[in-house]
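What follows is a short report on a single structure.
In my numbering, the protein residues as written are 529 to 790.
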């Protein structure tokens, strides 16, 4: 098993990820330039940088709930990693899975119903956990799919952050209009939320019950709520920097956990 510190993303990892994602500095748009100037890397950046390190040549990878994109804002990384692995299987019950150009095999089904015989070095769940209604069944299926020593990576929202708390009380019919306004999301990318495995304690207990120990965990500051708007992004990042200066965590966070099968 790797030492816990080996999973933490470094500044060098994030800088490398940024170059893959955006190309040369002169090609950056106003958003990446602003984040770079204020030395902020988003939760997506941290997750993608971690995967860039974990996905090794020839490994077998199962991505749960990938839909039409492994990394919606980073097709170059998706292409790089898809070409690196021996096998990349995507599991998702939504028909948008057929639009995914990077997975090698597509399984149009839920993870809890997944019955594949192959065992994987890596199982990832990117922004999926918040939609899971039967977490015990999903984690049991993830455990079955992993080889001994294999890793499960979960990247999701924090249940007790402001946006998920508001989402939990707002009618689902209003979710898409809000997501479209704030982030330009398409209707087919909006799904009901359940938040049944969206705390560190809940994730750790679920995976430990299936013989997977937590080997890394991070709370990732999420300054993207108003990131579609220049003034909104700048104000969020200024608040983030001020809170950092006095030792306080930004209220909006995502969770990133890595769990190893014994």
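We treat Cβ as the ideally placed atom computed from N, Cα and C, and that holds for glycine.
- Here DSSP, grouped into helix, strand and coil, assigns residue 715 to helix.
- The segment 780-787 and the segment 727-736 touch, with three or more beta-carbon pairs separated by less than 8 Å.
- Each of 623, 667, 554, 708 was checked against the Cα of residue 756, and the nearest Cα belongs to 708.
- Listed in chain order, the non-local C-beta contacts of residue 616 below 6 Å within the same chain comprise 589, 610, 631, 632, local neighbours out to five positions each way being set aside.
- Of the residues 647, 754, 626, the one whose Cα lies closest to the Cα of residue 675 is 647.
- In the same chain as residue 541, and ignoring 5 residues on each side of it, the C-beta atoms closer than 6 Å to its own belong to 577, in chain order.
- Remark: fewer than three beta-carbon pairs, one from each stretch, lie closer than 8 Å, so the segment 634-647 and the segment 561-573 are not flagged as touching.
- Residue 690 is not a Cβ neighbour of residue 726, given a cutoff of 8 Å.
- Contact between residue 596 and residue 628 holds: their C-beta atoms lie close to 5 Å from each other, under 8 Å.
- If you look at residue 676, you'll find it in the beta strand (DSSP E) that goes 674-685.
- Residue burial is scored here from C-beta neighbours: residue 555 has fewer than 16 other C-beta atoms within 10 angstroms and is therefore classed as exposed.
- Counting C-beta atoms within 10 angstroms of its own C-beta, residue 626 has fewer than 16 neighbours from the protein chains shown and is therefore classed as exposed.
- A distance of 8 Å or more separates the beta carbons of residue 724 and residue 656.
- Of the candidates 634, 779, 668, 668 places its Cα closest to the Cα of residue 738.
- The Cβ atoms of residue 721 and residue 748 lie no closer than 8 Å to each other.
- By the neighbour-count criterion, in which 16 or more other beta carbons inside 10 Å mark a residue as buried, residue 536 falls on the exposed side.
- 719 is the residue among 680, 712, 681, 719 whose C-alpha sits nearest the C-alpha of residue 695.
- DSSP links residue 654 through a beta bridge to 683.
- Residue 587 counts as buried, since at least 16 other C-beta atoms from the protein chains shown sit within 10 angstroms of its C-beta.
- The beta carbon of residue 761 sits closer than 7 Å to those of 559, 562, 754, 755, all from its chain and outside the five residues before and after it, given in chain order.
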